Amino acid sequence: MNVLREQGTNVVETMSRLRKQIEILNEKLLRDKGLDLRVIFEETTYISSAINLVKQNIWIGGCLAVSILILFLRSLIPTAIIFIAIPVSVIGTFVAIAGLGLSINVISLAGLAFSIGMVVDASIVSMENIYRLRQKGQNAKDAAYNGARQVWAPILGSALTTVIVFIPVVLLKLPVGQLFRDIGIAISVSVIISVIVSVTVIPTLAARFLSGSKDRFSDPLRIPIIDYLSKLFSDLIVAYAKFIVSRKAFGVILVFLIVSVSGFASYKYLPRLDYLPDGNANFVFGRLIVPTGYSMEETLRIAEKMESAAKPLWEGKTKEGGPPEIDRFFFVAFQGGAFAGASAKDASRVSELQMVLMRPVFSEPGARAFVRQASLFGRSVGGSRSIRIDVTGSDLRQLNLL
123 MNVLREQGTN VVETMSRLRK QIEILNEKLL RDKGLDLRVI FEETTYISSA INLVKQNIWI
183 GGCLAVSILI LFLRSLIPTA IIFIAIPVSV IGTFVAIAGL GLSINVISLA GLAFSIGMVV
243 DASIVSMENI YRLRQKGQNA KDAAYNGARQ VWAPILGSAL TTVIVFIPVV LLKLPVGQLF
303 RDIGIAISVS VIISVIVSVT VIPTLAARFL SGSKDRFSDP LRIPIIDYLS KLFSDLIVAY
363 AKFIVSRKAF GVILVFLIVS VSGFASYKYL PRLDYLPDGN ANFVFGRLIV PTGYSMEETL
423 RIAEKMESAA KPLWEGKTKE GGPPEIDRFF FVAFQGGAFA GASAKDASRV SELQMVLMRP
483 VFSEPGARAF VRQASLFGRS VGGSRSIRID VTGSDLRQLN LL
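The C-terminal residue of the sequence shown carries number 524 in our numbering, and the numbering is unbroken.
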């Protein structure tokens with residue numbers, strides 16, 4: 123059975139309810155008859171992966187940001203204030219996406235995952251300036267106000283450059299524009315919200331938690347190795363800048379060489395061009411087409427050859443260096459053809475099953491098999507990002523004319 127959800131419904135909730143019904147069917151109806159209903163392929167695998175990716179980026183990105191901030195600010199309070207910007211910006215992005223009437227999907231979640239590192243940038247700039255003024259002796263409220271006022275313009279300008287990049291993608295009417303519209307909106311909204319957080323939430327928290335004697339902030343914690351490396355890096359940057367400024371011709375030549383080498387490397391090692399990625403769905407789907415006039419018995423015989431070729435793999439009888447073990451397999455035969463599908467226990471090797479299903483058909487005169495890995499952007503188990511037109515018939519001369 124192939125189940126399709128209605129447009130606009132929550133696929134995760136739909137799949138959850140469907141699994142519960144499958145459990146009921148297996149326990150109350152099918153088990154007594156020696157049958158078992160199993161799920162071979164589902165869309166929620168990608169969605170769950172995307173959700174886990176966002177969670178992972180939040181935790182890893184947050185921990186790395188906190189570690190770096192502690193090393194350079196040498197204070198837990200401003201670091202904790204900046205860390206608050208991450209969940210506030212993420213929650214605000216979800217609210218904004220819902221307000222725009224959009225859905226949370228793998229594309230928008232990918233955009234949100236990309237933007238996790240961006241949402242703390244504005245808060246870091248704002249907090250660092252506030253903390254600098256606090257170290258100079260200003261009280262907490264004045265430092266919060268003046269610090270945010272001094273940097274709001276460059277923060278906004280930096281955010282707008284990111285947002286403007288995605289405007290052509292959002293306005294593009296082609297399918298690729300509609301596809302990546304959500305990723306552009308997710309990144310743009312999260313960046314804009316992070317700017318709002320940096321000039322509202324961050325100064326407010328700084329005014330509240332950076333109060334007290336200025337001596338608390340005038341003498342930061344010393345970390346010898348970090349201080350030494352920071353000074354060394356700063357000295358190198360200053361020396362390089364002085365050298366380039368004093369020798370303009372050398373600077374022009376250096377820039378030309380960098381651009382030339384980068385351009386050549388980009389051209390030389392440019393990956394192959396494609397419209398959309400295949401994805402890595404753990405499922406291959408095949409269609410068997412038999413010659414016109416074949417009986418149902420002949421069609422079933424050919425389909426059973428595909429099943430026989432796959433059977434040793436789901437029974438664990440695999441050879442070293444051979445195809446991977448099959449986790450689940452099915453085939454459906456009908457008048458004029460058959461469908462077959464399989465998933466591998468090792469998801470990274472599922473594409474190797476394509477030849478396993480195709481090879482038995484090669485020995486059958488006139489029979490053809492088309493097997494491909496399920497596409498990331500397909501709506502059904504046989505979905506694909508490509509379009510293939512096959513013209514069949516009994517008159518070869520007429521087919522050649524077509």
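Here a beta-carbon is modelled for each residue, glycine too, at the ideal position from N, C-alpha and C. Bear in mind the structure is a predicted one, so any value in this text is a computation, not a measurement.
Per the DSSP calculation, residue 217 is bridged to which residue(s)?
For the purposes of this step, residue 217 is identified with residue 95 of the sequence shown, where counting begins at 1. DSSP lists no partner for residue 217.
State the DSSP-derived secondary structure class of residue 162, mapped to helix, strand or coil.
Taking the first residue of the sequence shown as position 1, residue 162 is located at position 40. DSSP places residue 162 in coil when its eight states are reduced to three.
From the DSSP output, read off the bridge partner residues of residue 63.
Beyond the ends of the chain as shown, which are 123 and 524, falls residue 63; an answer cannot be given.
Sorted by chain position, which residues of the same chain lie with C-beta nearer than 6 angstroms to residue 262's C-beta, five sequence neighbours on each side aside?
Position 140 of the sequence shown, counting from 1, holds the residue named residue 262. Correct list, in chain order: 329, 332 and 333.
Span of the beta strand (DSSP E) holding residue 495?
Residue 495 sits at position 373 when you count from the first residue of the sequence shown. Residue 495 -> beta strand (DSSP E) spans 490–495.
Who are the near neighbours of residue 125 in its chain, counting only those whose CB is closer than 7 angstroms to its CB and skipping five residues on each side?
To locate residue 125, count along the sequence shown from 1; it is residue 3. Within the same chain, residue 125 has close Cβ partners 140.
Measure the Cβ-Cβ separation of residue 72 and residue 320 and say whether it is below 9 angstroms.
As shown, the chain starts at 123 and ends at 524. That puts residue 72 outside it, with no answer to give.
Assuming contact is defined by CB atoms lying nearer than 9 angstroms, are residue 408 and residue 484 in contact in what I supplied?
For the purposes of this step, residue 408 is identified with residue 286 of the sequence shown, where counting begins at 1. For the purposes of this step, residue 484 is identified with residue 362 of the sequence shown, where counting begins at 1. Contact flag unset, no.
Are there 16 or more other CB atoms within 10 angstroms of the CB of residue 243, so buried, or fewer, so exposed?
Position 121 of the sequence shown holds residue 243. By the neighbour-count rule (16 or more Cβ atoms within 10 Å), residue 243 is buried.
So the candidates are 227, 171 and 156; which of them puts its Cα closest to the Cα of residue 131?
What you label residue 131 is simply residue 9 of the sequence shown in a count that begins at 1. When only C-alpha atoms are compared, the closest one is 227.
Beta-carbon within less than 8 angstroms of residue 314's beta-carbon, same chain only, minus the 5 sequence neighbours each way: which residues are those?
In the sequence shown, residue 314 corresponds to position 192, counting from 1. Same-chain partners within the cutoff: 281 and 285.
When you compare only the Cα positions, how much space is there between residue 466 and residue 449?
Numbered from its first residue, the sequence shown carries residue 466 at position 344. Numbered from its first residue, the sequence shown carries residue 449 at position 327. The straight-line gap from Cα to Cα measures roughly 5 angstroms.
Any chance the region 428–448 sits against the region 466–478, with 3 or more Cβ pairs inside 8 angstroms?
Contact between the region 428–448 and the region 466–478 is present, because at least three Cβ pairs lie under 8 angstroms.
Spell out the partners DSSP gives residue 170 in its beta bridges.
Here residue 170 corresponds to residue number 48 of the sequence shown, with the count starting at 1. Note: residue 170 sits in no beta bridge, so no partner.
Indicate the three-state DSSP secondary structure (helix, strand or coil) for residue 454 in the structure shown.
As a first step, residue 454 must be located in the sequence shown, where it is residue number 332. If DSSP states are grouped into helix, strand and coil, residue 454 belongs with the strands.
What are the uninterrupted segments assigned as alpha helix (DSSP H) that are 4 or more residues long and contained completely in the region 275–340, given in chain order?
Runs of the alpha helix (DSSP H) inside the region 275–340: 297–321, 323–331 and 337–340.
For residue 370 and residue 363, what's the separation of their Cα atoms in angstroms?
Indexing the sequence shown from 1 puts residue 370 at position 248. Indexing the sequence shown from 1 puts residue 363 at position 241. Cα to Cα, residue 370 sits roughly 11 angstroms from residue 363.
Excluding the five sequence neighbours on either side, which residues of its own chain have a C-beta within less than 8 angstroms of the C-beta of residue 180, listed in chain order?
Residue mapping note: residue 180 aligns to position 58 of the sequence shown, counting from 1. Closer than 8 angstroms at Cβ, skipping near neighbours: 208, 209, 212 and 238.
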